[in-house]
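*Asks:* Numbering (this note's numbering), first residue to last: 1 to 362. The beta carbon of each residue, even a glycine, is placed where N, CA and C say it ideally should be.
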Amino acid sequence: MIPYENLERVNAAYRVDFENRFQSFLDKGWYILGEGVKQFETAFGQHQGEGQRAIGVANGLDALVLCLKALDLPPHSDVLVPSNTYIASILAIVQAGHRPVLVEPDIHTYNLDPHLLAAALTPQTKAILVVHLYGQCCDMDPILAFAAAHHLKVVEDCAQSHDATYKGKKAGNFGHCNAFSFYPTKNLGALGDAGAVVCSDPILAEQIAALRNYGSHKKYYNEYLGYNSRLDELQALFLLVKLARLAELTQHKQRLAQRYREGLKSDFILPKVLPQNEHVYHIFNVRHPRRDALKAHLAAAGIGTEIHYPLAPHQQKALQPLLAGQSYPISEEIHATTLSLPCSFAHSLAEIDQVIEAMNRF
Numbered sequence: 001m002i003p004y005e006n007l008e009r010v011n012a013a014y015r016v017d018f019e020n021r022f023q024s025f026l027d028k029g030w031y032i033l034g035e036g037v038k039q040f041e042t043a044f045g046q047h048q049g050e051g052q053r054a055i056g057v058a059n060g061l062d063a064l065v066l067c068l069k070a071l072d073l074p075p076h077s078d079v080l081v082p083s084n085t086y087i088a089s090i091l092a093i094v095q096a097g098h099r100p101v102l103v104e105p106d107i108h109t110y111n112l113d114p115h116l117l118a119a120a121l122t123p124q125t126k127a128i129l130v131v132h133l134y135g136q137c138c139d140m141d142p143i144l145a146f147a148a149a150h151h152l153k154v155v156e157d158c159a160q161s162h163d164a165t166y167k168g169k170k171a172g173n174f175g176h177c178n179a180f181s182f183y184p185t186k187n188l189g190a191l192g193d194a195g196a197v198v199c200s201d202p203i204l205a206e207q208i209a210a211l212r213n214y215g216s217h218k219k220y221y222n223e224y225l226g227y228n229s230r231l232d233e234l235q236a237l238f239l240l241v242k243l244a245r246l247a248e249l250t251q252h253k254q255r256l257a258q259r260y261r262e263g264l265k266s267d268f269i270l271p272k273v274l275p276q277n278e279h280v281y282h283i284f285n286v287r288h289p290r291r292d293a294l295k296a297h298l299a300a301a302g303i304g305t306e307i308h309y310p311l312a313p314h315q316q317k318a319l320q321p322l323l324a325g326q327s328y329p330i331s332e333e334i335h336a337t338t339l340s341l342p343c344s345f346a347h348s349l350a351e352i353d354q355v356i357e358a359m360n361r362f
């Protein structure tokens, strides 16, 4: 059996360091916004690049909400967002008090198509929420040029793109403020829910730091109507351990992805990587018109797969009050044909060869 993911095996490599960090956590007796959170925020900010500050929050969805709230957009602003993103991107817009306006992706990269932004623009459009899906950055230059021309704020959803680069710059360096998730399956994954906001504007960073802690910079003194969304101290300590080895994990996943690219038959549509990008393969997906039959074939061979995602956002029941009657054929095509293959720190090249052999027999 080759599971799609095996977090026990992934985290076994860090077990001794985790145990040492946990013992230190117990000994200190400081469990909320302690030294561990400060150390991780400093380390992750430096990791992102010069002048970047990281603010730890409870999860990736909260990171997106806090970004949009801190930008202080006019109430009920339109925010452009990809039509094939995970629902969290859209939920964040709604929970921040704004209206999602869906824009179709490029069918080859699965990221926002910059050429379609103009058709979606309205007088109420105030921001673009870009999503670096599956581990590849969006084509940021035309998106940023469009945003500048129309005075729009830009937020990056970097939940799947830790250390992905565009023209040598890491995801999270392009927007006004940018959201990361450290959900356990991410390339940089905690052992529970966790997230962060990254930005280079010190004033915005201070506001987000207060918003995540009841709107307070100083205990019992509240400047904003805030939230309780603090990065857990223990998760911060675990993330410090894994951050130090993130490059190793990324390189391993890239090797597995390259093996897929070399071994799979041309029957399968592989993700296109833009020449200016470095893809980190949080997800390695293929597309096939008989996706469901392919998934069943692999399951019969003892190979686990996932679908990211089986239903387009505009088809979700929860979003019908906002998006009912809208049609996004490119998104629907992606959601109907995409299949995510095993591509984890827990997998070996030999296991990937087994997946390839089973795929090519289909």
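Identify the continuous beta strand (DSSP E) that holds leucine 102 and give its terminal residues.
*Replies:* Counting along the chain, the beta strand (DSSP E) containing leucine 102 begins and ends at 99–103.
*Asks:* Under the rule that 16 or more other beta-carbon atoms within 10 Å means buried, what is proline 275, buried or exposed?
*Replies:* The residue is exposed, with fewer than 16 neighbouring Cβ atoms inside 10 Å.
*Asks:* How would you write the range of the beta strand (DSSP E) that lysine 153 sits in, first residue to last?
*Replies:* That run of the beta strand (DSSP E) goes 153–157.
*Asks:* Taking 6 Å as the limit between beta carbons, can you name the residues of its chain near isoleucine 208, skipping five residues before and five after?
*Replies:* Result list for isoleucine 208: Ile55, Leu66, Ala70 and Val197, in chain order.
*Asks:* Per DSSP, what kind of secondary structure is threonine 122 in: helix, strand or coil?
*Replies:* Three-state DSSP puts threonine 122 in coil, outside helix and strand.
*Asks:* Can you give the Cα-Cα distance for glycine 215 and glutamate 233, rounded to whole angstroms?
*Replies:* So the two alpha carbons sit approximately 19 Å from each other.
*Asks:* Kindly indicate which three-state DSSP category glutamine 32 falls into: helix, strand or coil?
*Replies:* The amino acid at residue 32 is misidentified as glutamine; the sequence shows isoleucine. Isoleucine 32 falls in the strand class under three-state DSSP.
*Asks:* Check whether the Cβ atoms of histidine 115 and alanine 164 sit closer than 7 Å, and answer yes or no.
*Replies:* Contact flag unset, no.
*Asks:* For isoleucine 32, count neighbouring C-beta atoms within 10 Å of its own C-beta (all shown protein chains included) and say buried if the count is 16 or more, exposed if not.
*Replies:* Exposed, since its Cβ has fewer than 16 Cβ neighbours within 10 Å.
*Asks:* Decide if alanine 119 is buried, meaning its Cβ has at least 16 other Cβ atoms within 10 Å, or exposed.
*Replies:* Counting Cβ neighbours within 10 Å, alanine 119 comes out exposed, since fewer than 16 surround it.
*Asks:* Measure the Cβ-Cβ separation of tyrosine 224 and alanine 210 and say whether it is below 7 Å.
*Replies:* Against a cut-off of 7 Å, the Cβ pair of alanine 210 and tyrosine 224 comes out as a contact.
*Asks:* Assign glycine 49 to one of two classes, buried (16 or more other C-beta atoms within 10 Å of its C-beta) or exposed (fewer than that).
*Replies:* The residue in question, glycine 49, is exposed, as its Cβ has fewer than 16 Cβ neighbours within 10 Å.
*Asks:* Hey, phenylalanine 22 and leucine 239 are a contact pair by Cβ (cut 8 Å); roughly how many whole angstroms apart?
*Replies:* Phenylalanine 22 to leucine 239, Cβ: 13 Å. No contact.
*Asks:* With distances taken between CB atoms, is the gap from lysine 242 to histidine 108 smaller than 7 Å?
*Replies:* Going by C-beta atoms, lysine 242 is not nearer than 7 Å to histidine 108.
*Asks:* The beta strand (DSSP E) spanning isoleucine 87 covers which residue range?
*Replies:* No beta strand (DSSP E) contains isoleucine 87, which is instead part of the alpha helix (DSSP H) from 87–95.
*Asks:* So which of Ala247, Leu231, Tyr221 and Lys219 has the shortest CA-CA distance to aspartate 193?
*Replies:* Of Ala247, Leu231, Tyr221 and Lys219, the residue nearest in Cα terms is Leu231.
*Asks:* Have a look at the DSSP bridge pairing and note the partners of aspartate 78.
*Replies:* Aspartate 78 pairs with Arg99 and Thr125.
*Asks:* What does aspartate 232 pair with, by DSSP beta-bridge criteria?
*Replies:* Note: aspartate 232 sits in a beta bridge opposite Ile32.
*Asks:* If valine 355 and leucine 339 are in contact, beta carbons under 8 Å, what's the gap, nearest whole angstrom?
*Replies:* That belief does not hold up - the Cβ atoms of valine 355 and leucine 339 are roughly 11 Å apart, past 8 Å.
*Asks:* Following the continuous alpha helix (DSSP H) through phenylalanine 146, name the residue where it begins and the one where it ends.
*Replies:* First-last of the alpha helix (DSSP H) with phenylalanine 146: 140–149.
*Asks:* If I follow the unbroken alpha helix (DSSP H) through arginine 363, where does it start and stop?
*Replies:* The first residue shown for the chain is 1 and the last is 362, placing residue 363 beyond what the model contains.
*Asks:* Name the one or two DSSP bridge partners that arginine 53 has.
*Replies:* Per DSSP, Cys199.
*Asks:* Nearest CA to the CA of proline 3: which residue from Glu306, Phe18, His314 and Pro329?
*Replies:* Measuring from the Cα of proline 3, the nearest candidate turns out to be Glu306.
*Asks:* Under 7 Å between the Cβ atoms of valine 101 and aspartate 72?
*Replies:* No, these two residues do not count as a Cβ contact at 7 Å.
*Asks:* Looking at isoleucine 334: is its Cβ nearer than 7 Å to the Cβ of asparagine 84?
*Replies:* Taking 7 Å as the Cβ cut-off, isoleucine 334 and asparagine 84 qualify as a contacting pair.
*Asks:* Can the beta-carbon of glutamate 5 be found less than 7 Å from the beta-carbon of serine 344?
*Replies:* Contact: yes.
*Asks:* Taking the continuous beta strand (DSSP E) assigned at alanine 179, which residues delimit it?
*Replies:* From DSSP, the beta strand (DSSP E) with alanine 179 extends over 177–181.
*Asks:* So which of His150, Leu246 and Ala171 has the shortest CA-CA distance to glycine 189?
*Replies:* Looking at the Cα atoms, Leu246 is the closest of the given residues.
*Asks:* Scan the stretch 252–296 and note each continuous alpha helix (DSSP H) run of 4 residues or more that stays entirely inside, going in chain order.
*Replies:* DSSP runs (the alpha helix (DSSP H)) wholly in the stretch 252–296: none.
*Asks:* Kindly list the residues whose CB is nearer than 7 Å to the CB of histidine 314, restricted to its own chain and excluding five residues on each side of it in sequence; keep chain order.
*Replies:* Closer than 7 Å at the Cβ level, and outside the excluded window around histidine 314, lie Ser83, Leu102, Leu323, Gln326 and Tyr328.
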